[in-house]
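Using our numbering, the first residue of the sequence shown is number 8, and each one after it goes up by one.
Below you'll find the structure, written out as structure tokens, and then a few comments.
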Amino acid sequence: MKNFTNKLFLAVVLLFAVYVNAQDYLMTLNPTALNFIDKDAKEFEGEPLVSNKTFTYIYDGGEVEVVYKGNEHYEYHNNRQHYIKSKLFWVSEDLVYVTIEDFTIPNFPFKRGTKMKIQIEKVEKDVVYYKSTLGGRTWLGKMKERKLE
């Protein structure tokens, strides 16, 4: 019985190691390697729903400022002490692919080149509801538009 338990433990450890390394590898592949962006996708020529606007959302008890400016996306955390900078590839007015370019957040779990898909589900007044997909995980979120004076 002890031999079986040792083999089972070893198998679990190996599977976990392969799983973690595979995810790490997949997160940094370029878009065409994963067909993350459809190879026939054309860049949207119109005006996206969140173009040139600033939003906020609450994360881990603090406010995060999100800026969409042209084809760039910035998230400012910890009272602007840390940031994430990304490039945007709009497919339609409500669908964008985001590629992380730079960040200063300590222990950030993603790497430069990591890609995320954001689908805007609806806009009500100054609140945008969206669905994000990153690394095989999908979650719903919302952000409120900040009116700049």
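C-beta atoms are modelled at their ideal positions from N, C-alpha and C, and glycine is treated no differently.
Fair warning: this is a prediction, and the values are worked out from it, not measured in the lab.
Asked	Found
Give the range of the beta strand (DSSP E) segment to which L102 is assigned.	102-110
Consult DSSP for L41 and reduce its assignment to one of helix, strand or coil.	Confidence is the limiting factor: at L41 the pLDDT is only 41, short of 50, which leaves the residue's position unreliable, though a coordinate-based value still follows. The answer is helix: DSSP assigns L41 an H, G or I state.
Alpha carbons only, please: which of I127, I65, K9, V57 is nearest the one belonging to H80?	V57
Going straight from the alpha carbon of L36 to that of F117, what length do you get?	Because the pLDDT of L36 is 43, which lies under 50, any placement of that residue in the model is unreliable, and the number read from its coordinates should be weighed accordingly. Those two C-alpha atoms are separated by around 12 Å.
Mind checking whether F62 and V130 have CB atoms under 9 Å apart?	no
Looking only at C-alpha atoms, which of Y64, K132, E128, T121 sits nearest to G143?	T121
If you run the structure through DSSP and keep just helix, strand and coil, what is T63?	strand
Beta-carbon within less than 8 Å of Y32's beta-carbon, same chain only, minus the 5 sequence neighbours each way: which residues are those?	For Y32, the pLDDT reaches just 44, beneath the cut-off of 50, and the residue's location in the model is therefore unreliable, leaving the point undetermined.
For the beta strand (DSSP E) that contains G68, what are its first and last residues?	Careful: G68 lies outside any beta strand (DSSP E) and carries neither H nor E.
Check the DSSP bridge columns for S139 and list the partner residues they point to.	I125, W146
Give me the Cβ distance between V111 and H89, rounded to the nearest whole Å; I'm assuming they're in contact under 8 Å.	Before going further, note that residue 111 is Thr rather than Val in the sequence given. Sure, about 5 Å apart at Cβ, within 8 Å.
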